[in-house]
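Novice: I have a structure I would like to understand better, so I am pasting it below and will then ask my questions one at a time.
There are 4 protein chains.
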Amino acid sequence: MKDKRNLILKIAEKLISEKGYTKTTIEQIANKAKIGKGTFYLYFKNKEDLFISIIDKNLENLMREIRKEVEKISDFFDRLKKGIEIYLIYFEKNYTLFKILLQEKPFIKGQRFETFWKGFFKKWDFFIKKGFEEQIKNGRLKDFEFEDILYSLIGIIHGNIHRWIINGRKYPLREKKDVILEIFTEGIKRR
Amino acid sequence: MKDKRNLILKIAEKLISEKGYTKTTIEQIANKAKIGKGTFYLYFKNKEDLFISIIDKNLENLMREIRKEVEKISDFFDRLKKGIEIYLIYFEKNYTLFKILLQEKPFIKGQRFETFWKGFFKKWDFFIKKGFEEQIKNGRLKDFEFEDILYSLIGIIHGNIHRWIINGRKYPLREKKDVILEIFTEGIKRR
Amino acid sequence: MKDKRNLILKIAEKLISEKGYTKTTIEQIANKAKIGKGTFYLYFKNKEDLFISIIDKNLENLMREIRKEVEKISDFFDRLKKGIEIYLIYFEKNYTLFKILLQEKPFIKGQRFETFWKGFFKKWDFFIKKGFEEQIKNGRLKDFEFEDILYSLIGIIHGNIHRWIINGRKYPLREKKDVILEIFTEGIKRR
Amino acid sequence: MKDKRNLILKIAEKLISEKGYTKTTIEQIANKAKIGKGTFYLYFKNKEDLFISIIDKNLENLMREIRKEVEKISDFFDRLKKGIEIYLIYFEKNYTLFKILLQEKPFIKGQRFETFWKGFFKKWDFFIKKGFEEQIKNGRLKDFEFEDILYSLIGIIHGNIHRWIINGRKYPLREKKDVILEIFTEGIKRR
DNA sequence: AATGAATGAGGATTCATTCAT
DNA sequence: AATGAATGAATCCTCATTCAT
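Residue numbers (my numbering), protein chains in the order written: chain H, 1 to 191; chain A, 192 to 382; chain U, 383 to 573; chain E, 574 to 764.
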């Protein structure tokens with residue numbers, strides 16, 4: 001059943017985000033999911049597969065949500081605004097994912113750390129790269145390289161998510177949308 | 192000897208940044224350092240102590256270098272510029288540290304993840320908090336909360352370090368100083 | 383299975399009595415029991431738990447056997463006689479236990495050595511304390527303190543068990559019942 | 574120097590009696606004795622040699638003291654009385670020895686447990702065996718085998734020492750001399 | 001004579017994974 | 001499909017002993 005697989009994923013995500021990948025055992029996951037240890041292996045090839053699946057499922061969901069909301073918007077700044085908002089909302093609901101991204105995992109699918117993150121950042125291209133380059137041509141943005149901007153943007157966002165988590169998630173993360181946008185868009189605008 | 196301890200630290204830092212904390216064994220470290228397994232334990236209480244020591248040593252060095260360069264500068268923007276530059280130069284020389292910070296364990300020194308990072312970010316206060324608040328009173332900066340800015344700034348910086356590492360460290364990281372400053376200072380200036 | 387646990391207990395009891403607690407390794411026990419090292423830990427929390435279990439199981443069995451035989455006897459001297467006999471028979475069948483008690487660790491169950499032995503001797507109370515005190519009132523026994531007697535009695539018994547083991551267990555231990563009784567009862571009788 | 578060797582012996586005796594043979598490390602002993610770890614090996618071949626030396630030194634001292642006091646006494650019962658008294662006094666001063674005798678040590682000098690204890694009990698022969706056999710011939714004692722008596726006697730004594738230690742050594746151990754003698758001599762006397 | 005840095009054999013324990021039921 | 005008993009490779013850490021100084 002798809003359901004049981006998702007249950008395992010959810011439980012594992014929580015445990016791993018709390019205790020770390022290594023300290024979370026298959027047995028703990030199986031117990032919490034009220035399944036046998038053997039059953040776990042009907043749904044996942046091994047522990048690493050589980051880890052990858054957690055990340056994959058989340059990134060897919062995240063990207064699907066962004067895509068869904070953003071594709072009808074044509075204005076670059078509006079797209080950006082919406083994208084950031086969805087991104088924040090997603091981590092607000094799934095903050096464990098953020099902790100997991102910050103975990104011990106130098107290899108994913110045999111890829112190195114570098115390859116994984118490259119792919120991660122690449123996912124942003126689709127919804128801002130083209131617009132961004134147009135804005136430069138228009139002269140509305142400073143003449144940055146796209147990647148300079150991209151990594152700075154994600155950096156600001158992640159800095160704010162990190163802060164939110166560190167401080168106990170006491171406010172709605174999405175509130176930070178405006179601060180992020182303000183700094184970022186004013187920072188990149190040509191004047 | 193202080194030397195041997197530092198040798199172990201350096202080797203462990205490299206190994207852990209490459210293979211991750213868990214996958215790096217004491218035996219591997221000892222072999223690379225051409226010492227006996229037991230010798231390791233003359234210099235470190237246990238594996239966790241090693242991990243903490245790597246981080247502590249680095250953060251101390253980093254902060255010492257920033258402090259040294261920055262204390263003679265009084266202008267806020269110049270301080271900021273210098274601070275960012277030193278920070279980038281430090282990670283340029285010690286990029287393994289960044290990977291280690293990113294594969295961090297949920298517990299460090301028995302503290303939770305959150306507590307560690309809180310302390311980490313707190314270290315920045317000393318060199319920009321006062322200046323920043325003055326600039327707001329002067330009206331030269333927008334009326335942000337300090338922490339909104341702080342985490343955004345570190346976010347931008349880390350985003351750029353991350354990118355540099357992901358892409359194989361092919362250019363001098365310090366080059367990114369200007370992009371970071373540009374985006375950040377223009378982003379926070381009142382106009 | 384209860385069986386496998388008992389098998390491990392029996393094998394460990396033998397090994398520990400022969401080689402001592404420290405020199406007996408889990409691997410040796412597992413090999414002799416034809417189980418995997420990991421399997422051991424399904425039945426015992428750790429090595430110390432094994433040690434405790436050996437002692438507990440034996441003392442429980444011993445006390446159960448004494449209780450069963452003695453409770454129907456009302457005459458003090460007959461009770462005593464029976465108790466000593468069962469005690470000897472038990473160690474005759476389980477002489478390894480005696481060696482284990484004699485190579486005991488300074489801590490058992492986190493209790494100090496002293497606490498363990500206090501409990502051990504205390505177990506004798508139930509079957510002779512009351513009778514003994516009655517005999518004193520009757521004037522048939524000398525006016526000893528109970529504990530003076532108790533520890534002397536157990537001392538005589540253990541001395542005889544010790545001798546039996548030292549000399550290679552060549553005779554039925556229970557034969558010594560009469561010598562023990564003779565010395566002890568004549569030693570404590572008032573005349 | 575003989576002094577330093579004796580210092581090490583004394584310190585080791587205390588530590589081993591408290592923590593057990595295995596848990597006591599050479600380093601701990603060296604530290605307490607304020608000598609280097611290497612120095613330890615100038616005085617003892619290895620850890621086992623230390624253990625043996627502790628026991629040997631003590632048993633020699635004990636036997637020397639008994640011998641000295643007892644050799645001038647010719648009456649059997651007086652000898653016995655004196656011997657028991659000295660024995661108790663010795664353990665009163667050196668109660669740690671008793672705990673050490675009760676430790677994990679299935680092998681001593683490559684001898685088995687059995688051989689060691691045989692030798693231990695054998696040491697008693699010289700001062701009571703002859704007298705005892707005379708008393709039997711005289712008809713003053715029951716016709717026991719010597720060993721039956723010997724192990725019973727030592728058993729009573731050890732039982733009383735054990736009790737004294739278990740209960741915190743709150744009274745002078747030598748007080749128990751009378752109880753022991755009373756039970757034992759009345760127990761073995763012919764009437 | 002004295003030291004203590006260095007060693008590595010040795011052992012307890014964990015846990016991902018398998019497989020018979 | 002589901003289980004969980006069984007496994008043993010893997011790894012941390014300890015500590016008796018050595019040896020260069």
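The beta-carbon is built from N, C-alpha and C at its ideal position, and this holds for glycine as well. Everything numeric in this text was worked out from a predicted model, so none of it was measured.
Counting only beta-carbon separations shorter than 7 Å, does ASP648/E have a partner in chain U?
Specialist: Start at 1 with the first residue of the fourth sequence, and residue 648/E comes out as number 75. For ASP648/E, the answer is no, since every Cβ of chain U falls outside 7 Å of its Cβ.
Novice: Please state if the CB of PHE719/E and the CB of LYS702/E are separated by a distance shorter than 7 Å.
Specialist: Locating residue 702/E in the fourth sequence gives position 129, counting from the first residue. Locating residue 719/E in the fourth sequence gives position 146, counting from the first residue. Taking 7 Å as the Cβ cut-off, LYS702/E and PHE719/E qualify as a contacting pair.
Novice: Give me the subset of the stretch 689-705 of chain E whose CB atoms are less than 7 Å from a CB atom of chain U, sorted by chain position.
Specialist: Result list: TRP690, LYS691.
Novice: Can you check whether the CB of TYR472/U is closer than 7 Å to the CB of LEU444/U?
Specialist: Within the third sequence, residue 444/U is the residue found at index 62, counting from 1. Within the third sequence, residue 472/U is the residue found at index 90, counting from 1. In this structure, TYR472/U lies closer than 7 Å to LEU444/U by Cβ.
Novice: Going by beta carbon distance, what residues of the same chain come within less than 7 Å of PHE318/A, once the five residues before and after it are set aside?
Specialist: Translated into positions along the second sequence, residue 318/A becomes position 127. These residues qualify, in order along the chain: ILE257, VAL261, ARG270, GLY274.
Novice: List the whole-angstrom C-beta distance separating ILE539/U from TYR469/U, where the pair is believed to meet the contact cut-off of C-beta under 8 Å.
Specialist: Position 157 of the third sequence holds residue 539/U. Position 87 of the third sequence holds residue 469/U. With 8 Å as the limit, ILE539/U and TYR469/U qualify as a contact, their Cβ atoms being about 6 Å apart.
Novice: Please give me, in chain order, every unbroken run of the beta strand (DSSP E) with length at least 3 that falls completely inside the stretch 432-469 of chain U.
Specialist: Whole beta strand (DSSP E) segments, 3+ residues: zero.
Novice: Between which two residues does the alpha helix (DSSP H) harbouring TRP124/H extend?
Specialist: Start at 1 with the first residue of the first sequence, and residue 124/H comes out as number 124. Counting along the chain, TRP124/H falls outside any alpha helix (DSSP H), and DSSP gives it neither H nor E.
Novice: Is LYS380/A helix, strand or coil by DSSP?
Specialist: Here residue 380/A corresponds to residue number 189 of the second sequence, with the count starting at 1. Three-state result, LYS380/A: strand.
Novice: Could you tell me the boundaries of the alpha helix (DSSP H) in which GLY350/A lies?
Specialist: To locate residue 350/A, count along the second sequence from 1; it is residue 159. Looking at the DSSP string, the run of the alpha helix (DSSP H) that includes GLY350/A is 337-357.
Novice: Would the beta-carbon of PHE76/H fall within 7 Å of that of GLN135/H?
Specialist: Position 76 of the first sequence, counted from the first residue, corresponds to residue 76/H. Position 135 of the first sequence, counted from the first residue, corresponds to residue 135/H. Yes, the Cβ-Cβ distance between PHE76/H and GLN135/H is below 7 Å.
Novice: At a Cβ threshold of 7 Å, is VAL70/H touching chain A?
Specialist: Numbered from 1 along the first sequence, position 70 holds the residue referred to as residue 70/H. No, no contact with chain A.
Novice: What's the C-alpha gap between PHE40/H and ALA30/H?
Specialist: Start at 1 with the first residue of the first sequence, and residue 40/H comes out as number 40. Start at 1 with the first residue of the first sequence, and residue 30/H comes out as number 30. If I take the Cα positions, the gap works out to 7 Å.
Novice: From this set, GLN485/U, ASP525/U, ARG545/U, which residue's C-alpha is nearest ILE756/E's C-alpha?
Specialist: Locating residue 756/E in the fourth sequence gives position 183, where the first residue counts as 1. Comparing Cα positions, the closest option is ASP525/U.
Novice: Note the first and the last residue of the continuous alpha helix (DSSP H) segment covering ARG365/A.
Specialist: Residue mapping note: residue 365/A aligns to position 174 of the second sequence, counting from 1. First-last for ARG365/A: undefined, no H or E at that position.
Novice: For a contact meaning CB atoms closer than 7 Å, what does GLN676/E contact in chain U?
Specialist: Against the fourth sequence, residue 676/E aligns to sequence position 103. Within 7 Å Cβ-Cβ: GLN485.
Novice: Whole angstroms is fine: what's the gap from GLY692/E's alpha carbon to LEU674/E's?
Specialist: The residue given as residue 692/E occupies position 119 in the fourth sequence. The residue given as residue 674/E occupies position 101 in the fourth sequence. Approximately 13 Å, taken between the alpha carbons.
Novice: Check the Cβ-Cβ distances between SER152/H and every residue of chain A, and say whether any is below 7 Å.
Specialist: Stepping through the first sequence from its first residue, residue 152/H is reached at position 152. Chain A, which has a Cβ nearer than 7 Å to the Cβ of SER152/H, makes this yes.
Novice: Look at LEU523/U and ARG573/U and say whether their C-beta atoms are less than 7 Å apart.
Specialist: Within the third sequence, the letter at position 141 stands for residue 523/U. Within the third sequence, the letter at position 191 stands for residue 573/U. Not a contact, by the Cβ cut-off of 7 Å.
Novice: Measure the C-alpha to C-alpha separation of GLY712/E and ILE584/E and round it to an integer number of angstroms.
Specialist: Counting from 1 along the fourth sequence, the entry for residue 712/E is found at position 139. Counting from 1 along the fourth sequence, the entry for residue 584/E is found at position 11. Rounded to whole angstroms, GLY712/E to ILE584/E spans 49 Å at the Cα level.
Novice: Any contact of the stretch 550-565 of chain U with the stretch 735-747 of chain E, i.e. 3+ C-beta pairs under 8 Å?
Specialist: In short, these stretches do not touch, since the Cβ pair count stays below three.
Novice: Taking Cβ-Cβ distances below 7 Å as the criterion, which residues of the stretch 267-285 of chain A are in contact with chain H?
Specialist: So nothing in the stretch comes that close.
Novice: In chain A, what lies closer than 7 Å to ASP148/H by C-beta?
Specialist: Start at 1 with the first residue of the first sequence, and residue 148/H comes out as number 148. The contacting residues are VAL370.
Novice: Kindly list, in the order they appear in chain H, the residues whose Cβ is closer than 8 Å to that of PHE375/A.
Specialist: As a first step, residue 375/A must be located in the second sequence, where it is residue number 184. Per Cβ cutoff of 8 Å: ILE183, GLY187.
Novice: So is GLY330/A in contact with chain H if we call contact Cβ pairs under 7 Å?
Specialist: One-based indexing of the second sequence puts residue 330/A at position 139. Taking Cβ atoms only, chain H never reaches closer than 7 Å to GLY330/A, which makes this a no.
Novice: Secondary structure at LEU484/U, three-state DSSP: helix, strand or coil?
Specialist: What you label residue 484/U is simply residue 102 of the third sequence in a count that begins at 1. Residue state, collapsed to three classes: helix.
Novice: Find the residues of chain U that neighbour THR595/E, judging by a C-beta separation of less than 7 Å, and give them in chain order.
Specialist: As a position in the fourth sequence, residue 595/E is number 22, starting the count at 1. The answer, in chain order, is THR404.
Novice: So, is the C-beta of ILE581/E closer than 7 Å to a C-beta in chain U?
Specialist: For the purposes of this step, residue 581/E is taken as residue 8 along the fourth sequence, with counting starting at 1. No, its Cβ sits nowhere closer than 7 Å to a Cβ of chain U.
Novice: Can you tell me the Cα-Cα spacing of GLU150/A and TYR151/H, whole angstroms?
Specialist: Residue 150/A lies beyond the stretch modelled for chain A, which goes from 192 to 382, so this question has no answer here.
Novice: Closest by CA to LEU7/H, which one among LYS19/H, PHE44/H, THR22/H?
Specialist: Stepping through the first sequence from its first residue, residue 7/H is reached at position 7. Ranking LYS19/H, PHE44/H, THR22/H by Cα distance to LEU7/H puts PHE44/H first.
Novice: Where does GLU467/U land, buried or exposed, given buried means 16+ other C-beta within 10 angstroms?
Specialist: Within the third sequence, residue 467/U is the residue found at index 85, counting from 1. Looking at its Cβ environment, which holds 16 or more other Cβ atoms inside 10 Å, GLU467/U is buried.
Novice: Report the residues of the stretch 543-554 of chain U with a CB closer than 8 Å to any CB of chain E, ordered along the chain.
Specialist: Listed in sequence order: HIS544, ARG545, ILE547, ILE548, ASN549, GLY550.
Novice: Counting only beta-carbon atoms, is ILE220/A nearer than 7 Å to chain H?
Specialist: In the second sequence, counting from the first residue as 1, residue 220/A sits at position 29. Taking Cβ atoms only, chain H never reaches closer than 7 Å to ILE220/A, which makes this a no.
Novice: Considering only DSSP beta bridges, list what LEU193/H is partnered with.
Specialist: Because chain H in this structure spans residues 1 to 191, residue 193/H falls outside the shown range and cannot be described.
Novice: List, in order along the chain, the chain E residues whose C-beta lies closer than 8 Å to that of ILE538/U?
Specialist: By one-based count along the third sequence, residue 538/U stands at place 156. Residues of chain E passing the Cβ test: SER725, GLY728, ILE729, GLY732.
Novice: Could you check whether ILE54/H and LEU9/H sit closer than 7 Å to each other, using their CB atoms as the reference points?
Specialist: The residue given as residue 9/H occupies position 9 in the first sequence. The residue given as residue 54/H occupies position 54 in the first sequence. Taking 7 Å as the Cβ cut-off, LEU9/H and ILE54/H qualify as a contacting pair.
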